[in-house]
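Colleague: Residues 217 to 563 (our numbering) are what the sequence shown spells out, left to right.
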Amino acid sequence: MTASVTRHDWTLAEVLELFNQPFNDLLFQAQTVHRTHFDPNRVQVSTLLSIKTGACPEDCKYCPQSGHYNTGLDKEKLMEVEKVLKAAADAKAIGSTRFCMGAAWKHPSAKDMPYVLKMVEGVKALGMETCMTLGKLSKEQTEALAEAGLDYYNHNLDTSPEFYGNIITTRTYADRLETLSHVRDAGMKICSGGILGMGESLKDRAGLLIQLANLPEHPESVPINMLVKVQGTPLAEEQDVDPFDFIRMLAVARIMMPKSHVRLSAGREQMNEQMQSLAFFAGANSIFYGEKLLTTGNPQADKDMQLFARLGIKPEEREEHADEVHQAAIEQALVEQRDSKLFYSAV
Ligand code: SAM
Ligand code: DTB
Ligand code: SF4
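1. To the nearest angstrom, how far is the alpha carbon of valine 221 from that of proline 474?
2. Out of curiosity, what's the CA-to-CA distance linking serine 266 and methionine 348?
3. Please go through the same chain and pick out, in chain order, the residues whose beta-carbon is closer than 6 Å to the beta-carbon of aspartate 480, but skip the five residues on each side of it.
4. Is it the case that the CB of aspartate 574 approaches a heavy atom of ligand 1 more closely than 7 Å?
5. Flag this pair as yes or no: are the beta carbons of alanine 320 and glutamine 260 separated by less than 8 Å?
6. Tell me whether proline 377, by its Cβ, gets closer than 7 Å to a heavy atom of ligand 2.
7. Glutamine 490 and arginine 484 - do their beta-carbons sit closer together than 8 Å?
8. Taking the straight line between their C-alpha atoms, what separation do you get for leucine 509 and leucine 264?
9. Would you say the beta carbon of glutamate 274 comes nearer than 7 Å to a heavy atom of ligand 3?
10. Could you check if glutamate 536 is buried or exposed, using at least 16 other CB atoms within 10 Å of its CB as the buried criterion?
11. Between the C-alpha atoms of arginine 392 and leucine 443, what's the straight-line distance to the nearest angstrom?
12. When the distance is taken between beta carbons, is tyrosine 380 closer than 8 Å to valine 399?
13. Flag this pair as touching only if the segment 438-457 and the segment 399-411 have three or more C-beta atom pairs under 8 Å; answer yes or no.
14. Less than 7 Å between the CB of proline 324 and some heavy atom of ligand 2, yes or no?
15. For a cutoff of 8 Å on Cβ pairs, would you count serine 282 as touching chain B?
16. Per the DSSP calculation, aspartate 374 is bridged to which residue(s)?
17. Please go through the same chain and pick out, in chain order, the residues whose beta-carbon is closer than 8 Å to the beta-carbon of methionine 404, but skip the five residues on each side of it.
18. Any heavy atom of ligand 2 closer than 7 Å to the CB of valine 444?
19. When you compare only the Cα positions, how much space is there between threonine 565 and lysine 340?
20. What are the start and end residues of the beta strand (DSSP E) that includes asparagine 477?
21. Would you mind giving the Cβ-Cβ distance between threonine 375 and methionine 414, rounded to the nearest angstrom? I have them listed as a contact below 8 Å.
22. Roughly how many angstroms separate the alpha carbons of alanine 538 and alanine 307, rounded to a whole number?
23. Would you say the beta carbon of glutamine 281 comes nearer than 7 Å to a heavy atom of ligand 2?
24. How many angstroms separate the CA atom of valine 332 from the CA atom of histidine 434?
25. Hey, quick one: how far does the alpha helix (DSSP H) through alanine 517 stretch, first residue to last?
26. Let's test the definition: count the other Cβ atoms within 10 Å of the Cβ of glutamate 274 and tell me whether it reaches 16, buried, or not, exposed.
27. What residues are listed by DSSP as bridge partners for alanine 437?
28. Between glycine 351 and ligand 3, is there a pair consisting of the residue's CB and a ligand heavy atom that are separated by less than 7 Å?
29. Measure the beta-carbon distance from histidine 371 to threonine 346 and round it to whole angstroms, keeping in mind my assumption that it falls under 8 Å.
30. What ranges does the beta strand (DSSP E) occupy inside the segment 258-311, keeping only unbroken runs of at least 3 residues that lie completely in it?
31. May I have the straight-line CA-CA distance separating alanine 429 from methionine 465, to the nearest angstrom?
32. Grab me the residues of valine 469's own chain with a C-beta within less than 7 Å of its C-beta, minus the 5 sequence neighbours each way, in chain order.
33. Taking only heavy atoms of ligand 2 into account, decide whether any of them is closer than 7 Å to the Cβ of proline 439.
34. Grouping DSSP H, G and I as helix and E and B as strand, with all else coil, what is proline 238?
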């Protein structure tokens, strides 16, 4: 197989073969593909904000925001536009280039759409890339978001079609595919991936990647989440994913979707730095940056900058100004690292 070919006809047998290679062979192949299309020392950084939290009518078994489970989460109605723009400006100031706004909705309502559109316009005006994840979209809503300047829409397939019904019963797989096709038709970029650690089999992991890679165009962004186990959700007691199996998933995603950004997404707080560096070697080249995901924790920004500095990784740029901000953040992190003698922590 040629390392850099973009394909849309993956079969289960082929993908299982990729997964079942010896670990070193898989990582070498993934890193080779990665280097064909990307600077291996650049990682894209996005920041998340929950613009409407909790009381979601959907029953996704992994999700702390579902109204079906009692997770003790503080519910919040749609945030004011000004507050969202302030959070975006803060994210930009620490060097994030993309701002992702998430709402715990089945779908946006007609009443909420004007506010959501203003958020897109405002974040765009700050010079950041915009991303939203608001649930199912109608064709008209998708077009309005594209017109307002939305760059990316995040809508995860989450798992294979076969396993999906064990996790979500209130929204179908076909609904999700339909939303993704509206997003494409409106000319926006797609961010779509899934979660590991929900009790799925290797076949289901392969099945998810096949669904994503066999779309007419690969999603530009593929978030691979490690389940964040939240008390009160039905998946709170699921078994941990073997760290090497998680790395294998990233590597296979990299090989199957060679030109997509693969995001080392939720769950980084539960990963040590060695595992994260292996994830970057496997071809992950995007992270969520900032101390909170939507409702759960994420590593502190300065910790991430220190890790980047130690690995010689630079945040991916989108404009001149961001360059200066990132450089300053990296220099600051290096100083802090020296001060805390982190260089010697491995001995
Ligand atoms: N409500 C919208 C929807 O589901 O389309 C948008 C927000 S939802 C929280 C976005 C994605 O976050 C989900 O599709 C899922 O993949 C991921 N997610 C949610 N809870 C998670 C958890 N506990 N651990 C890992 N990923 C999670
Ligand atoms: C994605 O794939 N992961 C992000 C984003 N897309 C919206 C969300 C992760 C959520 C983790 C649980 C929480 O913080 O609520
Ligand atoms: Fe609602 Fe999204 Fe959570 Fe599902 S993942 S319960 S749709 S917020």
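Virtual Cβ for every residue (Gly too), placed ideally from N, Cα, C.
Modeller: In terms of the structure at hand:
1. Going by the C-alpha atoms only, they are around 8 Å apart.
2. Distance between the alpha carbons of serine 266 and methionine 348: 10 Å.
3. According to the sequence displayed, residue 480 carries leucine and not aspartate. If the five residues before and after leucine 480 are omitted, its C-beta is found closer than 6 Å to the C-beta atoms of Ala495, Ala500, Ile503, all from its own chain and listed in chain order.
4. Residue 574 lies beyond the range of the chain shown here (217 to 563); nothing can be said about it.
5. No Cβ-Cβ contact shorter than 8 Å links alanine 320 with glutamine 260.
6. Checking the 7 Å criterion, the Cβ of proline 377 is out of range of every heavy atom belonging to ligand 2.
7. Between arginine 484 and glutamine 490, the gap from beta carbon to beta carbon reaches 8 Å or more.
8. In a straight line, the C-alpha of leucine 509 is about 6 Å away from that of leucine 264.
9. Indeed, a heavy atom of ligand 3 lies less than 7 Å from the Cβ.
10. Interpretation of glutamate 536 is limited by its pLDDT of 43, a score under 50 that renders its predicted location unreliable; the figure taken from the coordinates is listed afterwards. Its Cβ having fewer than 16 others within 10 Å, glutamate 536 is exposed.
11. The alpha-carbon atoms of arginine 392 and leucine 443 are separated by roughly 20 Å.
12. No, the Cβ-Cβ distance between valine 399 and tyrosine 380 is not below 8 Å.
13. Under the Cβ criterion (8 Å, minimum of three pairs), the segment 438-457 counts as touching the segment 399-411.
14. No; taking the cut-off as 7 Å, the Cβ of proline 324 has no heavy atom of ligand 2 nearer than that.
15. Although the question refers to chain B, the structure presented lacks it and comprises just one protein chain.
16. Residue pairing for aspartate 374: DSSP places it in a beta bridge opposite Gly410.
17. Closer than 8 Å at Cβ, skipping near neighbours: Thr358, Leu361, Ala362, Leu366, Asp367, Tyr368, Tyr369.
18. With a threshold of 7 Å, the Cβ atom of valine 444 counts as near ligand 2, since some heavy atom of the ligand is closer than that.
19. The shown model of the chain, from 217 to 563, leaves out residue 565, and the question about it has no answer.
20. Looking at the sequence itself, residue 477 is histidine, so the reference to asparagine does not match. 477-480 is the span of the beta strand (DSSP E), which, as asked, contains histidine 477.
21. Indeed, because the Cβ distance is near 7 Å, the residues count as touching under 8 Å.
22. In this prediction, alanine 538 scores a pLDDT of 45, lower than 50, which makes its location untrustworthy; the coordinate-derived value is nonetheless stated afterwards. Going from the Cα of alanine 538 to the Cα of alanine 307 covers about 11 Å.
23. At least one heavy atom of ligand 2 is nearer than 7 Å to the Cβ of glutamine 281, so yes.
24. Approximately 26 Å, taken between the alpha carbons.
25. Run containing alanine 517: 517-527, per the alpha helix (DSSP H) assignment.
26. When all chains shown are included, glutamate 274 counts as buried.
27. Residue identity check: residue 437 is serine in the sequence provided, not alanine. Answer by DSSP bridge pairing, in chain order: Cys407, His477.
28. Yes.
29. Histidine 371 to threonine 346, Cβ: 15 Å. No contact.
30. Restricting attention to beta strand (DSSP E) runs no shorter than 3 residues, the segment 258-311 encloses them at 258-268, ordered along the chain.
31. Roughly 13 Å between the two C-alpha positions.
32. Note on residue identity: the sequence assigns alanine, not valine, to residue 469. Within the same chain, alanine 469 has close Cβ partners Leu425, Val438, Ile440, Val478.
33. For proline 439, the distance from the CB to the nearest heavy atom of ligand 2 is below 7 Å.
34. In the structure shown, the three-state DSSP call for proline 238 is coil.
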